[in-house]
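Adding 3 to a residue's 1-based position in the sequence shown gives its number in the working numbering.
All residues carry an ideal CB built from backbone N, CA and C; glycine is no exception.
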Amino acid sequence: MRSLPVVLAALLAACTDTLVDPSVLQDRSPDGRDSLFATGNEEEQRLAEDIAYAWLDDHSDRALEGIGDLSTRLVQIRGGRAHVRIAQELDGLPVFHAQSVVHVDAEGLVTDMTDGWEHGVEVDTTPSVLEADAVALAVEATGGWDFVDRDPDVLLGVLRHATGDHLAWRIRVPRFDGADKPSQLVSFVDAHDGTVIWTYDDLKTATCSATTSYNGAVTFPCDSSGGRYQLTSTARGAGTFSAANVWSADSWYLNDVTSSSTRFSSDATSVDAHFGLVSTLDTYAGLFGRDGMDGHGGPVYQDGLTTAVTHYGSSYANAFWDGQRMVFGDGDGWSMGALTALDVVGHEFTHGVTEHTAGLVYANQSGALNESMSDVFGAVVEFHQQGRASVWKVGEDAMTPHTAGDALRYMDDPARDGQSADHMSRLYTGGWDNGGVHTNSGIGNLAFQLVADGGRHPRR
């Protein structure tokens, strides 16, 4: 077999010459409308900030009650949408961990707010314990000065804790203990009485592991928070969430998928999806230098991340990209297993790439090319990550769980499934399946397989 990365790089380069001008694409939201947030420049960031604060003023009776002061921490623009992160303050001091995110769509409308503020905080903001004394207390409480490799980072602020509201010194102590176990111990010391209120390890570069249904034993990046690990990777811009068998993938219904340790021992379906999402992002970045579906790290949905949704509906035997997120059903158990196989995740992700590049209309021949590109890049992801011999089978892991050896489609012999076309002379021209987008995708699939492998048409 020829090197798939080399073949694909050439194909992508050839296709790029005929694609829509990227500067035009950046001016549009995922549904094709003109966006107020096209480039993410300073003017657009100020606009997003103004919209967010105006909305908060209009809803101050609910959103701002008992909050105090506000301070913008970050304005993030991705996929034609803006996300304004606003921190809470009291008498000019930060309220630790109290931030909310106002989400603004492409037309400048606030769609929702992730409320993380602490309402009704009350505390005396004049410290009695000096900074140096607080640092000494924190360091001694976490193992002393041995292996502390630089000066602790210190910040005075307000902490709402189970024990109440506290004025507290937050002290971050970086430690390398010589046993390949670095830590970033963060302690909160009461600034009035010197009590160490709370300590946690803030070293966030977690690597999680699991045994999955389709990919075997895997490791993958995950985020940690409050002693739990979550199927998100802020560093990679990826997040996997469960719809918990509800027939909706809206943000309101999505649930975090978490574990008490770095070993995820349950929900192999969601882990498969997360592993597939991260693997696909890595493949596009590593082989083609592409940052996400739109080339700019987006589009994003849940928690500002490129989003995969699992456990959609009940026995739903399909998967789809809807312009905002990838959605995967659990399958019905006989015609399909869970639709989170690696090449299926790569397939759905690539629909997002096509939407933000060629914009192929999902009907007739252009729709068949759309489907074929998703099959092709699903195979590329699978080959790049696993080097599997079955790379020319599409969805073979999920297809008919109780029947070995079959697949949804066969890229090296499309007609094998009994309906796919493998030559223009067999082009389907009827109205079924949007003009045969899946049937006619076989023509492009076979063309790519022959370019990659060489050889002859299977019917010659």
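Going by beta carbon distance, what residues of the same chain come within less than 8 Å of residue i, once the five residues before and after it are set aside?
{"i": "D118", "result": "A66, S103"}
{"i": "H164", "result": "F191, I200, W201"}
{"i": "V440", "result": "Y365, A366, N367, G370, A371, N373, E374"}
{"i": "E134", "result": "V157, L159, W172"}
{"i": "A247", "result": "Y256, N258, H314"}
Based on the DSSP output, what are the partners of residue i in its beta bridges?
{"i": "D193", "result": "A171"}
{"i": "S103", "result": "I89"}
{"i": "A241", "result": "S236, T309"}
{"i": "G332", "result": "Y315"}
{"i": "Q79", "result": "H86"}
{"i": "R231", "result": "S228"}
Check residue i in the structure and name its three-state DSSP category.
{"i": "L67", "result": "coil"}
{"i": "N254", "result": "For the sequence presented, residue 254 should be read as Ser rather than Asn. It is helical."}
{"i": "T222", "result": "strand"}
{"i": "V274", "result": "helix"}
{"i": "M296", "result": "coil"}
{"i": "F40", "result": "coil"}
{"i": "T117", "result": "strand"}
{"i": "A320", "result": "coil"}
{"i": "W435", "result": "helix"}
{"i": "W58", "result": "helix"}
{"i": "D259", "result": "strand"}
{"i": "H164", "result": "strand"}
{"i": "Q422", "result": "coil"}
{"i": "G394", "result": "Going by the sequence as given, residue 394 is Val instead of Gly. Here V394 sits in coil by DSSP."}
{"i": "V199", "result": "strand"}
{"i": "V176", "result": "strand"}
{"i": "Q187", "result": "strand"}
{"i": "L73", "result": "strand"}
{"i": "L96", "result": "strand"}
{"i": "Y413", "result": "strand"}
Report the residue from the options whose alpha carbon sits nearest the alpha carbon of residue i.
{"i": "A141", "options": "D156, V199, H122, V379", "result": "V199"}
{"i": "V221", "options": "V274, R178, G240", "result": "V274"}
{"i": "H195", "options": "T214, L159, F223", "result": "L159"}
{"i": "A382", "options": "S369, R231, V397, W255", "result": "V397"}
{"i": "R173", "options": "H100, G123, Q233, A322", "result": "H100"}
{"i": "G340", "options": "F352, T210, T272", "result": "T272"}
{"i": "D378", "options": "T357, R328, L290", "result": "T357"}
{"i": "V161", "options": "P177, Q91, V454, G298", "result": "Q91"}
{"i": "A410", "options": "D425, R463, S393, A424", "result": "S393"}
For residue i, collect the residues of the same chain with a Cβ closer than 6 Å to its Cβ; drop the 5 residues on either side in sequence, then sort them by chain order.
{"i": "R88", "result": "R76, L77, Q102, V104"}
{"i": "T237", "result": "D226"}
{"i": "D115", "result": "H106"}
{"i": "F331", "result": "A276, T313, A322, L342, T343"}
{"i": "M329", "result": "A311, E351"}
{"i": "G83", "result": "S32, S38, F40, A109"}
Counting only the same chain and skipping the five closest in sequence on each side, list residues whose C-beta sits under 7 Å from that of residue i.
{"i": "D20", "result": "Confidence at D20 is low in this model, with a pLDDT of 31, below 50, so the placement of that residue is unreliable and no value is reported for it."}
{"i": "V384", "result": "S282, T283, T286, L345, D346, G349"}
{"i": "L308", "result": "T235, G240, A241, G242"}
{"i": "W395", "result": "A382, Y413, M414, D415, Q452"}
{"i": "E68", "result": "H122"}
Assuming residue i and residue j make a contact with CB atoms under 8 Å, what is their CB distance in whole Å?
{"i": "A311", "j": "L280", "result": "5 Å"}
{"i": "T235", "j": "T145", "result": "Contact flag wrong, Cβ pair sits at about 27 Å."}
{"i": "R155", "j": "V138", "result": "Residue 155 is actually Pro in this sequence, not Arg. At roughly 6 Å, the Cβ-Cβ gap stays under 8 Å, so P155 and V138 are in contact."}
{"i": "A55", "j": "F40", "result": "About 12 Å separates the two Cβ atoms, so there is no contact after all."}
{"i": "L59", "j": "V126", "result": "Wrong, their Cβ atoms sit about 23 Å apart, outside the cutoff."}
Using 9 Å as the limit for Cβ to Cβ distance, is residue i near chain B?
{"i": "Y287", "result": "No chain B is present in this structure, which holds just one protein chain."}
When every heavy atom of the ligand NAD is checked, does at least one fall within less than 8 Å of the C-beta of residue i?
{"i": "T283", "result": "This structure lacks the ligand NAD, and indeed carries no ligand of any kind."}
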